[in-house]
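S.K.:
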Amino acid sequence: MTENSQRDEGAKEAHHDEAEKHPPLAWTALSPGQAVGLRIYDTEHYVGTVESKTVDGLVIWLRDELNERRLFHYRDCEIINELPVSPNDGA
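First residue of the sequence shown: 143, per the numbering used here; consecutive thereafter.
Shown next as structure tokens:
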């Protein structure tokens with residue numbers, strides 16, 4: 143491992159440690175009933191309505207249009223987008 147890659151790994155670990163103490167505001171500000179789209183590791187995309195979340199806001203449960211429930215931890219999500227209309231309210 144080169145010195146630069148070691149430094150990069152150290153920076154990533156420090157970032158995750160800091161994020162654990164101070165989770166992103168966009169994530170912790172989510173409320174039950176809010177429609178969101180999530181991107182997980184640049185490959186998986188999920189759209190649903192926030193059903194509930196933990197008190198600290200680090201974990202949310204989403205319901206999708208098929209009424210399936212999924213749990214997400216903020217560290218798993220690369221991008222989160224708030225949607226203007228609940229995906230479960232469609233006709």
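Cβ atoms here follow ideal geometry from the backbone N, Cα and C, with glycine treated the same way.
Using the Cα positions of residue 187 and residue 167, report the straight-line distance between them to the nearest angstrom.
M.R.: Those two C-alpha atoms are separated by around 20 Å.
S.K.: Taking a contact to mean a Cβ-Cβ separation below 8 Å, would you say residue 225 touches residue 212 in this structure?
M.R.: Not closer than 8 Å, so no.
S.K.: In or out: residue 185 buried (at least 16 other Cβ within 10 Å) or exposed?
M.R.: Exposed, since its Cβ has fewer than 16 Cβ neighbours within 10 Å.
S.K.: For residue 183, count neighbouring Cβ atoms within 10 angstroms of its own Cβ and tell me buried if that reaches 16, exposed if not.
M.R.: Residue 183 is exposed by the Cβ-count criterion.
S.K.: How many angstroms separate the CA atom of residue 193 from the CA atom of residue 220?
M.R.: C-alpha separation (whole angstroms): 20 Å.
S.K.: Measure the C-alpha to C-alpha separation of residue 195 and residue 171 and round it to an integer number of angstroms.
M.R.: Each residue's alpha carbon lies about 10 Å from the other.
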